[in-house]
Amino acid sequence: MITIILGSQWGDEGKGKLIDILSEKYDIITRSAGGANAGHTVYVGDLKYIFHLVPSGILHPNTKCVIGNGCVIHIETLLEEFKTLEEKNIDYKNRIFISDRAHILFDYHKEIDGKQEELKGKQKVGTTKRGIGPCYEDKASRRGLRFCDLLEWEQFEEKLRNNVKVLTELYGNLEFDLEKQLNNYKKYAEILKPMIIDASFYLNQAIKDHQSILMEGANAIMLDVDHGTYPYVTSSTPSIAGIYAGLGVPPQKNAEVIGIVKAFTTRVGAGPFPTELQGEIADNLRQIANEFGSTTGRPRRIGWLDIAMLKYSMMINNYDCFNLTKLDCLSSFEKIKIGVNYLRNGEKLKSFPASLKILAECEVEYIEMPGWKENIQNCKNFDDLPKNCQDYVRKIEELLNCPIKYIGVGFRRDQMIIK
Ligand code: GDP
Ligand code: IMO
Ligand code: MG
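Residue numbers are given in our numbering: position 172 of the sequence shown equals residue 194, and the series is strictly consecutive.
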């Protein structure tokens, strides 16, 4: 059994919560793209965990967690996450594995991320400043350092020295203290050695042995470097192709693909957002839904649900079903709007445009649904939901022609209706 969970909008849809709920039934949980730009929140009772690099299935003691070759890993951040797990008595030893082909993200990548954003001025992406872009740049330039290098010390040292030289030429002086960092990395190599494996071999073997795998998506399709709102995107492939490329497993015909979709839309950072709201409704919804970034704490931009964008998202990722999240946050609105089409000069666009200029020339066509006042956070079944709320869910299914299998009505594990 293979299940893939993907962000269907601009991120922070609530992937972590469903991954945590489902992972109890899986042998292996994987991460395959991105790095600590991701922030996946999981609540167990009142205890809150935010996972950046560690897969969100770690809380179930029987799971193994694999961080795949497609990820870029800042080791100090990973060790911090290990420390948090230790403090909460979660035994992670012998349960977390890192691909020997995954790339190491150094402090200088973060520094360069900051410098690049500054240089872009008004056109800055609004990155998480976690060094993601610069680390993938090094990967594409074929000078990146991988976890297999960490196990070959002389080679690691030589490559790192050389990289610092090259990057200083390119970006000017770096604050990176090479000698100190080399010392640190020698220690990290010892700590991480038992976790570094040939992850593609491990996973392909697991598939042969009929083990179940839950493939955790990070970031989201509209932040995909190919399919997202380029250049306001991340530097990896968070859409479905990135799952396979980032794990080194072939596409599985029988995998179930679950798209996570927030009942409205949010975005952090710069870039187009056709259904964005300003003013009172946005401010209210941000407060009600606590829409502040899990990684950077930045206020998230807020908008209505965007079906035109979701149809594009669906075309690329081919979801079998959706998890509609944060439906509870829409209680109390008199009217709820849904963006259904993009119109340009009165004509409906067939798909999501590549050109941001064309996108900016579009107007969103909305439909309006009556809201509901009842608090739905204790509803256990679909039938318990107020009629207008049920109609909202059914309308989304109808517009997307895809079933909504899970409905989030609160942040806790037990606040998930299975339809
Ligand atoms: P992710 O990056 O996709 O895992 O999402 P984040 O963790 O960044 O942001 C989602 C936020 O919404 C987290 O604070 C979750 O605890 C919260 N959340 C998830 N599902 C629900 C839900 O159904 N209702 C409410 N009220 N909160 C939810
Ligand atoms: P999860 O997994 C929301 C956004 C950043 C920025 C752009 C590029 O929690 O859903 P980067 O640091 O990747 O170079 O930033 O992408 N971004 C996210 N926004 N959730 C995420 O992950 C994100 N990962 C990247 O805000 O706009
Ligand atoms: Mg997040």
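A virtual CB, placed ideally from N, CA and C, is assigned to each residue, including glycine. Since we're looking at a predicted model, the values are computed, not measured.
Alpha-carbon spacing of residue i relative to residue j, whole angstroms
| i | j | result |
| --- | --- | --- |
| alanine 124 | phenylalanine 169 | 6 Å |
| aspartate 342 | serine 30 | 12 Å |
| leucine 281 | tyrosine 254 | Here residue 281 is glycine; the residue named in the question, leucine, does not match the sequence. When rounded, the distance between both Cα atoms is 21 Å. |
| leucine 81 | cysteine 87 | 10 Å |
| aspartate 436 | glutamate 176 | 51 Å |
| phenylalanine 344 | serine 335 | 12 Å |
| arginine 183 | glycine 136 | 21 Å |
| asparagine 400 | tyrosine 428 | 15 Å |
| tyrosine 224 | valine 290 | 35 Å |
| methionine 337 | isoleucine 398 | 31 Å |
| glutamine 412 | aspartate 405 | 8 Å |
| isoleucine 43 | proline 83 | 13 Å |
| lysine 37 | alanine 311 | 15 Å |
| glutamine 300 | isoleucine 360 | 16 Å |
| isoleucine 380 | histidine 249 | 16 Å |
| histidine 232 | glutamine 274 | 13 Å |
| leucine 173 | lysine 202 | 18 Å |
| lysine 132 | threonine 317 | 14 Å |
| valine 271 | glutamate 278 | 15 Å |
| valine 188 | isoleucine 134 | 13 Å |
| arginine 53 | leucine 75 | 8 Å |
| arginine 366 | threonine 287 | 22 Å |
| threonine 190 | glutamate 390 | 55 Å |
| alanine 221 | cysteine 93 | 12 Å |
| glutamate 293 | lysine 230 | Sequence check: residue 293 is glycine here, not glutamate. Taking the straight line joining both Cα atoms gives about 43 Å. |
| leucine 28 | glutamate 302 | 30 Å |
| glutamate 108 | alanine 376 | 45 Å |
| leucine 101 | lysine 161 | 22 Å |
| leucine 167 | glutamate 419 | 45 Å |
| lysine 151 | lysine 409 | 44 Å |
| lysine 142 | arginine 165 | 24 Å |
| lysine 372 | arginine 322 | 28 Å |
| glycine 148 | arginine 320 | 10 Å |
| isoleucine 213 | isoleucine 439 | 41 Å |
| isoleucine 41 | glycine 79 | 6 Å |
| lysine 115 | lysine 215 | 12 Å |
| methionine 331 | glutamate 35 | 14 Å |
| leucine 269 | alanine 55 | 9 Å |
DSSP bridge partner residues for residue i (one or two, in chain order)
| i | result |
| --- | --- |
| glutamate 159 | In the DSSP output, where bridge partners are listed per residue, glutamate 159 has none listed. |
| leucine 69 | Val66 |
| threonine 287 | Gly325 |
| lysine 86 | Ile50 |
| serine 335 | DSSP output for serine 335 lists no bridge partner at all. |
| serine 316 | None; serine 316 has no bridge partner. |
| isoleucine 282 | Gly29, Asn345 |
| glycine 56 | Cys93 |
| isoleucine 218 | Ile120 |
| isoleucine 41 | In the DSSP output, where bridge partners are listed per residue, isoleucine 41 has none listed. |
| glutamate 298 | Gly325 |
| methionine 438 | Gly430 |
| isoleucine 213 | None, per the DSSP bridge assignment. |
Whether residue i touches residue j by CB criterion (8 Å)
| i | j | result |
| --- | --- | --- |
| glycine 239 | isoleucine 265 | yes |
| valine 247 | serine 258 | yes |
| glycine 448 | serine 45 | Lying outside 23 to 441, the shown extent of the chain, residue 448 is not represented and no answer is given. |
| alanine 285 | leucine 346 | yes |
| tyrosine 33 | alanine 242 | Just to set this straight, residue 33 is glycine in the shown sequence, not tyrosine. Yes, the pair counts as a contact, with Cβ atoms nearer than the cut-off. |
| leucine 77 | isoleucine 112 | In the sequence under discussion, the amino acid at residue 77 is proline, which differs from the leucine named in the question. Not closer than 8 Å, so no. |
| glycine 325 | glutamate 298 | yes |
| phenylalanine 128 | glutamate 103 | no |
| lysine 146 | glycine 430 | no |
| isoleucine 24 | asparagine 206 | no |
| serine 357 | glycine 315 | In the sequence on display, residue 357 carries lysine and not serine. The answer is no: Cβ separation not under 8 Å. |
| arginine 434 | tyrosine 71 | no |
| leucine 204 | tyrosine 130 | no |
| valine 386 | tyrosine 414 | no |
| tyrosine 210 | isoleucine 97 | yes |
| leucine 245 | proline 260 | yes |
| valine 362 | isoleucine 329 | yes |
| isoleucine 426 | lysine 441 | yes |
| isoleucine 138 | glycine 153 | According to the sequence provided, residue 138 is glutamine. The question's isoleucine does not apply to it. Against a cut-off of 8 Å, the Cβ pair of glycine 153 and glutamine 138 comes out as no contact. |
Residue i Cβ short of 7 Å to the ligand ADP heavy atom set
| i | result |
| --- | --- |
| phenylalanine 433 | This structure does not include the ligand ADP; its bound ligands are the ligand GDP, the ligand IMO and the ligand MG. |
### Task
When you get a sec, list the residues whose CB is within less than 5 Å of any heavy atom of the ligand MG, chain order please.
Asp34, Gly61, Ser316
### Query
Residue ranges of each alpha helix (DSSP H) run of no fewer than 4 residues wholly in the stretch 220-258, ordered along the chain?
With a minimum length of 4 residues, the unbroken runs of alpha helix (DSSP H) contained wholly in the stretch 220-258 fall at 221-230.
### Query
Taking the runs of the beta strand (DSSP E) that are 3 residues or longer, which of them lie wholly in the stretch 145-209?
none
#### Entry: Residue ranges of each alpha helix (DSSP H) within the stretch 355-430, 4 or longer
378-382, 409-422
### Message
Restricting to runs no shorter than 3 residues, where is the beta strand (DSSP E) found entirely within the stretch 72-144?
### Response
86-89, 118-121
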